[in-house]
Structure formats: C-alpha cells, structure tokens
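According to the working numbering, the sequence shown is numbered sequentially starting from 117.
Have a look at the structure below before the remarks.
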Amino acid sequence: ASVTLRVQDPFDTMRFRVEASDDNVAQLTERHMDMRAVFLTFQYNFGQAPRIRQRPQQPVDQPGPGFPQ
117 ASVTLRVQDP FDTMRFRVEA SDDNVAQLTE RHMDMRAVFL TFQYNFGQAP
167 RIRQRPQQPV DQPGPGFPQ
C-alpha cells in the first residue's frame with residue numbers, strides 16, 4: 117500500500133502579467149489563477165499481481181523456428 121500527498125500552489129503564486137504597447141495603445145493584462153489544492157491518494161493492491169509467463173530461452177547458437185540452418 118502507498119499514500120501520496122500532493123500540494124499544488126501552496127503559496128498562491130500562480131499568476132502572470134503581460135504588458136504590450138505601441139504609440140497609440142497600452143495594454144496591461146494580469147491573471148491570478150486560484151489553483152491552490154491538496155490531493156491525498158491511497159493505493160492498495162488486492163491479492164497478488166498476475167504472473168507473466170516467460171518464453172523458454174533459445175540457445176544463442178541455434179536458430180529460432182522457421183529459419184533455415
């Protein structure tokens with residue numbers, strides 16, 4: 117079993133600011149994304165993981181099936 121705690125933007129710093137201007141117009145855009153969150157995840161596997169059958173190993177000096185010698 118495992119427990120994971122994840123905190124997103126704990127200091128509330130997710131924001132950006134864009135300034136654009138030319139001779140006639142000045143534009144200022146500020147965005148503040150209120151994205152503070154806490155995530156708690158608990159993961160538990162029931163039973164044993166399924167076993168994966170492994171193929172029998174071919175000796176290196178013998179060709180595999182379907183290949184002429």
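Note that CB positions come from ideal geometry on N, CA and C, so glycine has one too.
- Ranked by Cα distance from residue 136, the options 146, 129, 163 and 172 are led by 146.
- Rounded to whole angstroms, the gap between the alpha carbons of residue 151 and residue 124 is 7 Å.
- Each residue's CA atom was taken as its position, placing residue 156 and residue 119 some 7 Å apart.
- Boundaries of the beta strand (DSSP E) harbouring residue 147: 142-148, taken from the DSSP string.
- Taking residue 122 as reference, the option from 166, 167 and 153 with the minimal CA-CA separation is 153.
- Residue state for residue 120 is assigned as strand, using DSSP reduced to three classes.
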